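> In full-length UniProt numbering, the protein residues as written are 1 to 342. All C-beta atoms, glycine included, are put in the ideal place defined by N, C-alpha and C. In this text, all values refer to a predicted model and were calculated from it rather than measured experimentally.
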Amino acid sequence: MPRATLADVAAAAGVSVPTVSKVLSGKKHVSAATRDKVLQAVRTSGYEAPRPPTAPRVGVVDLLIDGLGSPWAQVLISGAEKAAARWGFSLVVTSSARSDFDLRRWIGMVRKRNTDGIVLVLSRADQREIAALEELLHVPLVLLDPVGQRDPRLSTVGATNWLGGVMATTHLLELGHTRIAFIGGPLDTQCTLDRYEGYLAAHRTFGIDSDPALTRYGDFLVGSGKAYGGELLDRDFPPTAVFAGNDLQAAGVYQAATERGLRVPDDLSVVGFDDSLLCETLSPPLTTVRQPLDDMANEAVRLVYEELTHPRGPSGTRIELATTLIVRRSTAPHGQKAARAS
Numbered sequence: 001m002p003r004a005t006l007a008d009v010a011a012a013a014g015v016s017v018p019t020v021s022k023v024l025s026g027k028k029h030v031s032a033a034t035r036d037k038v039l040q041a042v043r044t045s046g047y048e049a050p051r052p053p054t055a056p057r058v059g060v061v062d063l064l065i066d067g068l069g070s071p072w073a074q075v076l077i078s079g080a081e082k083a084a085a086r087w088g089f090s091l092v093v094t095s096s097a098r099s100d101f102d103l104r105r106w107i108g109m110v111r112k113r114n115t116d117g118i119v120l121v122l123s124r125a126d127q128r129e130i131a132a133l134e135e136l137l138h139v140p141l142v143l144l145d146p147v148g149q150r151d152p153r154l155s156t157v158g159a160t161n162w163l164g165g166v167m168a169t170t171h172l173l174e175l176g177h178t179r180i181a182f183i184g185g186p187l188d189t190q191c192t193l194d195r196y197e198g199y200l201a202a203h204r205t206f207g208i209d210s211d212p213a214l215t216r217y218g219d220f221l222v223g224s225g226k227a228y229g230g231e232l233l234d235r236d237f238p239p240t241a242v243f244a245g246n247d248l249q250a251a252g253v254y255q256a257a258t259e260r261g262l263r264v265p266d267d268l269s270v271v272g273f274d275d276s277l278l279c280e281t282l283s284p285p286l287t288t289v290r291q292p293l294d295d296m297a298n299e300a301v302r303l304v305y306e307e308l309t310h311p312r313g314p315s316g317t318r319i320e321l322a323t324t325l326i327v328r329r330s331t332a333p334h335g336q337k338a339a340r341a342s
């Protein structure tokens, strides 16, 4: 059976995970009654303390990612594999999107192989689960492309999503587009919020009011780009350009445009985000914002190595790598088709 976690002990004792940690580490400022409840919960749950931080390295880093099929994920995994070899590790990859994935069972397997560190790439991150992972496994833990509000105790590696949103929208505004739609990922993901804030900031810089009716939030998949793209294009006053939350959603917008007899970029300009392998296969090739995914993966694994060799204490490191606008043929000046026809 999978081993009990600190979260299990905390739930059984009716206290918080930090309180359990204080009791097990022998710290003061915990009442005798609370200490007794925690110790009783430890005994009944079968909880075992994690290996000490001085345990010898075994040369393994675990990557937990919530999907393997997207071009974005494939680039990250490839980058993490190269980075692991560069920093002297073997990489073990697990998808949390599997129907049979169980976090507690996965923790048990990670403990069994005495992994040296963990890189998490999750579109949904439960802070309580992350805290339990950190307390239980007692190894460096790095969030790659983190979601939600940042926990200052954890090391994170991300990209300049806000600036990417500014660059994508500025490019379209400079082409003369004033009705620019935004189709983002889930509203509760930080990267979506940052890209949308960049979209709004670019409008403000140009003195143009963005239209809230042209904003949609999807799931970073082709289907949501197609569905919301079609919905927006069917409006009485449709957008002339779309800034999509990622390249997959941009591909969905292409499909929606094609079904309505519209051509990219003659009738609709489209910008994506990520610069995945998909961009060059689309027709026309997609203008997008490049995330340096290889570099992000390398930095995440490097941080694991640094924390193993030079423990940093309770404060995490935050790394943000620059995004870059890559202009291809999916964007054109507004009214270009009419001008050409005349």
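(1) Is the beta carbon of E299 sitting closer than 8 Å to the one on V157?
(2) Count the other C-beta atoms from every protein chain shown that fall within 10 angstroms of the C-beta of H177, then say buried if there are 16 or more, exposed otherwise.
(3) Start and end of the alpha helix (DSSP H) containing V157?
(4) For G185, count the other beta carbons within 10 Å of its own beta carbon; 16 or more makes it buried, fewer makes it exposed. Which is it?
(5) Pairing CB atoms from the stretch 313 to 333 with CB atoms from the stretch 264 to 272, are three or more of them under 8 Å?
(6) Would you mind reading off the limits of the beta strand (DSSP E) that contains Y217?
(7) Examine the Cβ distances between the stretch 248 to 255 and the stretch 213 to 231 and report whether three or more of them are shorter than 8 Å.
(8) Does the separation of the CB atoms of T240 and R195 fall below 8 Å?
(9) Terminal residues of the continuous alpha helix (DSSP H) containing I107?
(10) Tell me which residues share the same chain as E81 and place their Cβ nearer than 7 Å to its Cβ, disregarding the 5 neighbours each side in the sequence.
(11) Compute the beta-carbon to beta-carbon distance between residue 343 and Q249, rounded to the nearest angstrom, for a pair I have assumed lies under 8 Å.
(12) Measuring alpha carbon to alpha carbon, tell me which residue in D66, G229, L163 is nearest V119.
(13) Specify the secondary structure class of L122 as computed by DSSP and reduced to three states.
(14) Answer yes or no: do Y217 and T192 have a C-beta to C-beta separation smaller than 8 Å?
(15) For V271, write down the residues that DSSP places opposite it in a beta bridge.
(16) In whole angstroms, what is the alpha-carbon distance linking I115 and A73?
(17) Measure the beta-carbon distance from L262 to A181 and round it to whole angstroms, keeping in mind my assumption that it falls under 8 Å.
(18) Does G117 come out as helix, strand or coil in the three-state DSSP assignment?
(19) Nearest to V93 by CA position, among R86, L64, P284, G79, is which residue?
(20) Could you check the C-alpha separation between residue 417 and F237 for me, to the nearest Å?
(21) Return the residue from the list V61, V289, D62, A12 that minimises the CA-CA distance to G245.
(22) Look up I183 in the DSSP assignment and say whether it is helix, strand or coil.
(23) Reducing DSSP to helix, strand and coil, say where T169 ends up.
(24) Distance, Cα to Cα, G230 vs D267?
(25) Please report how far the alpha carbon of R35 lies from the alpha carbon of A7, in whole angstroms.
(26) By Cβ distance, which residues of its chain are closer than 7 Å to V264, with the 5 residues on each side in sequence left out?
(27) Going by DSSP in three states, S330 sits in which element: helix, strand or coil?
(28) Quick check on N246 - is its C-beta less than 8 Å from some C-beta in chain B?
(29) How close, in whole Å, do the beta carbons of L122 and S96 come, if the pair is a contact with beta carbons under 8 Å?
Per the coordinate set shown:
(1) Within the sequence shown, residue 299 is the residue found at index 299, counting from 1. Within the sequence shown, residue 157 is the residue found at index 157, counting from 1. In this structure, V157 lies closer than 8 Å to E299 by Cβ.
(2) Translated into the one-based positions of the sequence shown, residue 177 becomes position 177. Result: buried.
(3) Position 157 of the sequence shown, counted from the start, is the residue given in the question as residue 157. Per DSSP, V157 belongs to no alpha helix (DSSP H); it is in the beta strand (DSSP E), 155 to 159.
(4) To locate residue 185, count along the sequence shown from 1; it is residue 185. Flag for G185 reads buried.
(5) Taking 8 Å as the limit for Cβ pairs, the verdict is that the stretch 264 to 272 does touch the stretch 313 to 333.
(6) As a working note, residue 217 is residue 217 in the sequence shown. Segment 215 to 217, the beta strand (DSSP E) holding Y217.
(7) Touching, per the Cβ criterion.
(8) Counting from one through the sequence shown, the residue named residue 240 turns up at place 240. Counting from one through the sequence shown, the residue named residue 195 turns up at place 195. Not in contact: T240 and R195 (Cβ atoms no closer than 8 Å).
(9) Your numbering for residue 107 matches position 107 in the sequence shown. Taken as a continuous stretch (DSSP letters only), the alpha helix (DSSP H) holding I107 covers 103 to 112.
(10) Within the sequence shown, the letter at position 81 stands for residue 81. Same-chain partners within the cutoff: L91.
(11) The question about residue 343 has no answer here: the residues shown for the chain are numbered 1 through 342.
(12) Within the sequence shown, residue 119 is the residue found at index 119, counting from 1. Nearest C-alpha to V119: D66.
(13) Numbered from its first residue, the sequence shown carries residue 122 at position 122. Of the three classes helix, strand and coil, the one that applies to L122 here is coil, per DSSP.
(14) One-based indexing of the sequence shown puts residue 217 at position 217. One-based indexing of the sequence shown puts residue 192 at position 192. Contact: yes.
(15) One-based indexing of the sequence shown puts residue 271 at position 271. Beta-bridge pairing links V271 to F243, T287.
(16) Residue 115 sits at position 115 when you count from the first residue of the sequence shown. Residue 73 sits at position 73 when you count from the first residue of the sequence shown. The question names Ile, yet the displayed sequence has Thr at residue 115. Roughly 22 Å separates the two Cα atoms.
(17) The residue given as residue 262 occupies position 262 in the sequence shown. The residue given as residue 181 occupies position 181 in the sequence shown. Incorrect: roughly 13 Å between the Cβ atoms, too far for contact.
(18) Here residue 117 refers to the residue found at position 117 when the sequence shown is read from its first residue. The answer is strand: DSSP assigns G117 an E or B state.
(19) Your numbering for residue 93 matches position 93 in the sequence shown. Ranking the options by Cα distance to V93, first place goes to L64.
(20) No answer is possible for residue 417: it lies beyond the span of the chain, which begins at 1 and ends at 342.
(21) Here residue 245 refers to the residue found at position 245 of the sequence shown. G245 has its Cα closest to that of V289, out of V61, V289, D62, A12.
(22) Translated into the one-based positions of the sequence shown, residue 183 becomes position 183. Here I183 sits in strand by DSSP.
(23) Residue mapping note: residue 169 aligns to position 169 of the sequence shown, counting from 1. Helix, per DSSP.
(24) In the sequence shown, residue 230 corresponds to position 230, counting from 1. In the sequence shown, residue 267 corresponds to position 267, counting from 1. The straight-line gap from Cα to Cα measures roughly 14 Å.
(25) Taking the first residue of the sequence shown as 1, we reach residue 35 at position 35. Taking the first residue of the sequence shown as 1, we reach residue 7 at position 7. Those two C-alpha atoms are separated by around 16 Å.
(26) As a working mapping, residue 264 is identified with position 264 in the sequence shown. Counting only Cβ-Cβ distances below 7 Å, and skipping sequence neighbours, we find Y254, A257, V270, P284, S330.
(27) As a first step, residue 330 must be located in the sequence shown, where it is residue number 330. Here S330 sits in coil by DSSP.
(28) The displayed structure is made up of one protein chain only, and chain B is not part of it.
(29) Counting from one through the sequence shown, the residue named residue 122 turns up at place 122. Counting from one through the sequence shown, the residue named residue 96 turns up at place 96. Between S96 and L122 the Cβ distance is about 7 Å, and since that is below 8 Å, they are a contact.
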